[in-house]
Amino acid sequence: MAVSKKQITLKKRSKKVFKKTNKKSVKKKVKRTLKRPRALDLRRFTRNPVITPTLGSYWESEAVFNPGAVIHGGRVHLFYRALGPDGVSRIGYASSQDGVHFDKRFPHPVYMPETVAESAKHYPYTSPSRLSYNTGLYISGGGWGGCEDPRAVKIDGRVYLTFNVFNGWHSIRVGLTSISEDDLEQGRWNWRRFVFLSPPNERHKNWALFSEKIGGKYALFHNLHDDNPARVRVEYLDNLEEPILLFDSLDPHLLPDRKLVWHNRTRSVGPPPIKTRYGWLLFYHAMDKDDPGRYKLGALLLNSKDPRKILYRSRYPVLEPDKWYENDWKPGIIYASGAVVKGETLFIYYGGGDKHIAVASTNLEEFVRKLMNNEHAIFSIKSAKVA
């Protein structure tokens, strides 16, 4: 059938009108959307977990997790929490040349203060008549006594460990001990007599020393909450051998909710603060009341001269419990308690699922820059597609 010139002209015009209308409709149908957050570049090691429980061990057969970390002599040294059939937490040791492959691991606990061991024996659930490990009964990482969740720093030629002394929920205290760098190198576990940093008959957990003195004094981070939301709580001590405790710290189980959605339930500090040229980098654990039971990791940057002041805070978690080893025994747990800087790389060591030890890493300079520039979470205007 022949097509007239008039029909061809009308067809061309209709195409033009459709195209113009379509483009205009796309431009009009614009909505404000949140792009996928740019991660703060915290990458898990592909062969996680790096340390797992030892089958048949009398002290670490049930769980190894929540390690403290220092770097010395070119090696990364981990001091980790371990649980055996008796449910008592002890401190184990492993080291690595590259930060991810741990080729040295001590076969016995390297630290377990006798006074803590004795107190654990007298705790009701560890009496000889009940010496059976029922992880369902105990919330403190599946254990019922001992020294928990060590955090490690090097200061003036010594390695200091802070740890939680759990002896029932009525009394959780923070202990401190140390060892010389020379003893660490030689594998001689000549720890100094431990002292308590927190008062008795109260609940205090997860305190951490700064890795260098500030204003000539030892700095101790002890609480994420302050009356001012732009501050955290740090105290200064003249002496770590016989510390004088004259400050108050809130019960970590009674911290108030925050407005920021993903961390409205703040739980605890992570590894000891990490010194950068921009300030002290601090990781912390938090939960969302709309996503309960999942420990997520966030980041803060604190003022270098007055670390009570918060300079920057991550808008989103930098690490969430999404891998199998973070949900194996106790689901939804990422608990970071150790960090070291090796070259330009920051290594974060954490307990996964209260059972395994894993590691994540990032370029320290880039991470802090992104945190300061908020590059990990941006809003933008995007055109909506027209169906």
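Quick note on numbering: the sequence shown equals residues 1 to 387 in full-length UniProt numbering. Beta carbons are placed, not taken as given, at the ideal position from N, Cα and C, and that holds for glycine. Just so we're clear, the structure is a prediction, and the values are computed from it rather than from any experiment.
So, for residue i: in the same chain, excluding its five sequence neighbours on each side, which residues have a beta-carbon less than 8 angstroms away from its beta-carbon?
{"i": "residue 230", "result": "309 and 310"}
{"i": "residue 359", "result": "44, 45, 48, 50, 99, 100, 347, 348, 349 and 350"}
{"i": "residue 185", "result": "72 and 73"}
{"i": "residue 236", "result": "214, 215, 217, 218, 219 and 220"}
{"i": "residue 178", "result": "158, 159, 160, 161, 191, 192 and 240"}
{"i": "residue 183", "result": "189 and 190"}
Identify whether residue i lies in helix, strand or coil by the three-state DSSP scheme.
{"i": "residue 374", "result": "coil"}
{"i": "residue 98", "result": "coil"}
{"i": "residue 283", "result": "strand"}
{"i": "residue 163", "result": "strand"}
{"i": "residue 79", "result": "strand"}
{"i": "residue 368", "result": "helix"}
{"i": "residue 316", "result": "coil"}
{"i": "residue 238", "result": "coil"}
{"i": "residue 197", "result": "coil"}
{"i": "residue 182", "result": "helix"}
{"i": "residue 344", "result": "coil"}
{"i": "residue 93", "result": "strand"}
{"i": "residue 202", "result": "coil"}
{"i": "residue 60", "result": "coil"}
Measuring straight from C-alpha to C-alpha, what distance separates residue i and residue j?
{"i": "residue 214", "j": "residue 46", "result": "37 angstroms"}
{"i": "residue 211", "j": "residue 85", "result": "35 angstroms"}
{"i": "residue 42", "j": "residue 326", "result": "15 angstroms"}
{"i": "residue 342", "j": "residue 187", "result": "22 angstroms"}
{"i": "residue 365", "j": "residue 347", "result": "13 angstroms"}
{"i": "residue 271", "j": "residue 208", "result": "7 angstroms"}
{"i": "residue 345", "j": "residue 99", "result": "10 angstroms"}
{"i": "residue 154", "j": "residue 218", "result": "12 angstroms"}
{"i": "residue 197", "j": "residue 57", "result": "31 angstroms"}
{"i": "residue 150", "j": "residue 163", "result": "4 angstroms"}
{"i": "residue 145", "j": "residue 89", "result": "6 angstroms"}
{"i": "residue 113", "j": "residue 363", "result": "37 angstroms"}
{"i": "residue 110", "j": "residue 189", "result": "6 angstroms"}
{"i": "residue 269", "j": "residue 340", "result": "16 angstroms"}
{"i": "residue 195", "j": "residue 243", "result": "8 angstroms"}
{"i": "residue 357", "j": "residue 303", "result": "30 angstroms"}
{"i": "residue 307", "j": "residue 273", "result": "9 angstroms"}
Under 7 angstroms Cβ to Cβ from residue i, same chain only, skipping five residues before and after it: list those, please.
{"i": "residue 368", "result": "276, 278, 281 and 301"}
{"i": "residue 291", "result": "none"}
{"i": "residue 371", "result": "40, 299, 301, 312 and 314"}
{"i": "residue 267", "result": "285, 286, 287 and 295"}
{"i": "residue 374", "result": "315"}
What whole-angstrom Cβ distance do residue i and residue j have, given they're in contact under 8 angstroms?
{"i": "residue 64", "j": "residue 92", "result": "6 angstroms"}
{"i": "residue 87", "j": "residue 79", "result": "Not confirmed; about 20 angstroms, so no contact."}
{"i": "residue 147", "j": "residue 174", "result": "The Cβ separation is near 10 angstroms, so there is no contact."}
{"i": "residue 353", "j": "residue 317", "result": "That belief does not hold up - the Cβ atoms of residue 353 and residue 317 are roughly 17 angstroms apart, past 8 angstroms."}
{"i": "residue 329", "j": "residue 289", "result": "That pair is no contact at about 23 angstroms."}
{"i": "residue 61", "j": "residue 75", "result": "The pair is not a contact, with the Cβ atoms about 26 angstroms apart (cut-off 8 angstroms)."}
Quick one: what's got a C-beta closer than 6 angstroms to residue i's C-beta in the same chain, skipping five residues either side?
{"i": "residue 157", "result": "181"}
{"i": "residue 294", "result": "321 and 332"}
{"i": "residue 391", "result": "Because residue 391 is not part of the residues shown, which for the chain are 1 to 387, the question remains open."}
{"i": "residue 338", "result": "67, 68, 69, 271 and 349"}
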